[in-house]
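To keep things clear, I will list the structure first and then write my remarks on it.
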Amino acid sequence: MASLPEKVRQQFDFGPYPRIPIDSDPCPETQLLFRHNWVTPYYLHYHHVANPATATILDAGCGTGYRTLALALANPGAQVFGVDLSERSVALARSRLDYHGRRDVQVHALDIQDLPTLGLQFDYINCDDTLYLFQDPAAGLTLLKRVLKPGGIIRANLHSALQREAAYRGQAVFRQLGLFNENPETDAVETVQSLIGGLKPWVNLKRQTWKPQFAQADATADILMNYLFQGDQGYTIPQMFAALDAADLQFIRMVNWQQWRLPDLFDQLPPPLHQRLMELPQSQQLQLFELMHPVHRLLDFWCVNAQVNAPTSAVAQWDALTWAKQWSQVSVYLHPQLRTKIFRQACLNSWRTHKPLILTAHLDPGVNTPVALDSRVAIILLMLVDTSPQPLLNLIKRSMDLFPRDPDTLETVTPEAVLAELKHVLVALEAGVFVMFETRSFDS
Ligand SMILES: C[S@@+](CC[C@H](N)C(=O)[O-])C[C@H]1O[C@@H](n2cnc3c(N)ncnc32)[C@H](O)[C@@H]1O
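Quick note: the sequence shown uses the numbering used here, first residue 135, plus one each step.
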């Protein structure tokens, strides 16, 4: 019988993933681009705004290259590489990248085990929907770490054992029926379609796992990825942290961190209990979230070499006193994904129509509700689309030029009042990484 990596390779040669048409353009997918942006996790960890054009990026387990293309688009100027076990997937990735005119992105048929043969070290490694296929995810992370630059960042994810509990029951059914023993065959896919499709609608396995599109002739990838997935294993939050510890990697944040907030699960919570939950370490908060609400298929995280420390002081952590003393040294960056002609036009439209600008239509960090920007703020941010960073002082000046008088008293506004108002808005925007702060000199 074939070894597990060989079965995985055969599976993806038979059913390459993802089955997204070659001509599909990831550009309108603002959340996908955000998830593939290196600048974001770099800022979250180092509180420094990196230049993607300096980065070497790897897509480990790139499949048919849709997300490799997203990595290249989200990180303009970066050198992007992709590797995958499955030659057929790599051939499709190559066609996709060629179709989109991205001959600069190299893809190779290579096992993650053999990455050192590329002779490269990476600033950012994206390992999407692949790590859970390793028998031991800590070993998988260690293999990636071998080609990570000392300060480099890994984005990887594991399947959630809790969220996919029913899918694993489905896999157990087909393992018992012997469908996992052989190479994936069309027959096996059809057997799954007949068996699950034929269940009564109220049967739990069907109710929890089946979607109408799985019955169609082109549902091979969906059937393989759910009911016949070779090597697929589920993990819990404590197991994710144990794998990071074993690989000597430090957790940065969940990639969709805004969807993992424990307080969001409550209608009401007495303040002492709220405080008690908020004082728990992040790993425990995430574990409690998942135990109460296992809705995320992926435990999707960013991590960094545990031996590399982040700077201790960040503008985002300043108290009121530090702000009062040091605000004049703050530079404000617009997230690079917002520095587009379309966003510029949206700022102007918002101003001209007096309608709020829906920020999350342009950059979506995975928020549960859209983030809207007041048209007065939108027109101030416009200057950051053209030139970023800008000293906070410039934004204050722009605000005073545009809105010189207090609408209530009609007296001239003071820089202090403008600072207080702008700081409030910018700090909230920084929490969603729509803007970023630094204290280095803006022309350095
Ligand atoms: C579910 S697909 C994900 C593809 C892609 N990352 C995405 O998210 O669109 C998993 C991919 O990982 C690849 N893979 C699994 N184990 C691997 C290994 N040890 N080395 C390289 N690629 C591997 C498979 O061939 C498959 O294409």
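Beta carbons: idealized from backbone N, C-alpha and C, even for Gly. Since this is a predicted model, take the numbers as computed values, not measurements.
Cα-Cα separation, residue i to residue j
i, j, result
"L254", "V511", "43 angstroms"
"T521", "R289", "29 angstroms"
"V307", "A272", "28 angstroms"
"L203", "H234", "8 angstroms"
"E163", "P499", "11 angstroms"
"Q367", "G216", "23 angstroms"
"P160", "H170", "11 angstroms"
"G332", "V214", "45 angstroms"
"L205", "T343", "30 angstroms"
"L282", "T174", "18 angstroms"
"S417", "C261", "21 angstroms"
"R143", "N315", "14 angstroms"
"L311", "L358", "15 angstroms"
"L252", "Q441", "24 angstroms"
"G197", "I246", "13 angstroms"
"D508", "A495", "15 angstroms"
"M412", "W172", "28 angstroms"
"L526", "P470", "18 angstroms"
"L556", "Q463", "15 angstroms"
"Y266", "L422", "22 angstroms"
"L491", "A480", "7 angstroms"
Classification of residue i by the beta-carbon crowding that lies within 10 angstroms, buried from 16 upward
i, result
"F168", "buried"
"S575", "Confidence at S575 is low in this model, with a pLDDT of 48, below 50, so the placement of that residue should be treated as unreliable; the coordinate-derived value is given next. By the 10 Å Cβ count, S575 comes out exposed."
"F435", "buried"
"W452", "buried"
"M570", "buried"
"V337", "exposed"
"A554", "exposed"
"T487", "exposed"
"M426", "exposed"
"I530", "buried"
"F148", "buried"
"V183", "buried"
"I476", "exposed"
"A187", "exposed"
"P128", "Since the first residue of the chain shown is 135 and the last is 578, residue 128 is not available in this structure."
"R201", "buried"
"V429", "exposed"
Residue i: CB within 7 angstroms of a non-hydrogen atom of ligand 1
i, result
"I246", "yes"
"T264", "yes"
"R201", "yes"
"P139", "yes"
"S294", "no"
"S229", "no"
"D218", "yes"
"Y151", "yes"
"F308", "no"
"L529", "no"
"R143", "yes"
"F146", "yes"
"C437", "no"
"S223", "yes"
"L267", "yes"
Proximity test, Cβ basis, 8 angstroms: residue i and chain D
i, result
"E163", "Protein chain content of the structure displayed is limited to a single chain, and chain D is not contained in it."
Ligand 3 heavy atom lying under 7 angstroms from the CB of residue i
i, result
"G197", "In the structure on display, ligand 3 does not appear, and the ligands it does have are ligand 1."
> Hey, which unbroken runs of the beta strand (DSSP E) at 3 residues or more fall wholly within the segment 454 to 520?
Replying inline: 465 to 468
>> Report the start-end ranges of each beta strand (DSSP E) in the segment 368 to 403 that is 3 residues or longer and not cut off at the edges.
In response: 383 to 388
>> Count Cβ pairs between the segment 215 to 228 and the segment 236 to 255 that sit closer than 8 angstroms; are there 3 or more?
In response: yes
> Where in the segment 192 to 253 do unbroken runs of the beta strand (DSSP E), each at least 3 residues long, occur, reported from the N-terminal end onward?
Replying inline: 213 to 218 and 240 to 243
> Does the segment 205 to 215 touch the segment 501 to 518, meaning 3 or more C-beta pairs lie closer than 8 angstroms?
Replying inline: no
> Are the segment 368 to 376 and the segment 285 to 304 in contact at 8 angstroms, needing three or more beta carbon pairs?
Replying inline: yes
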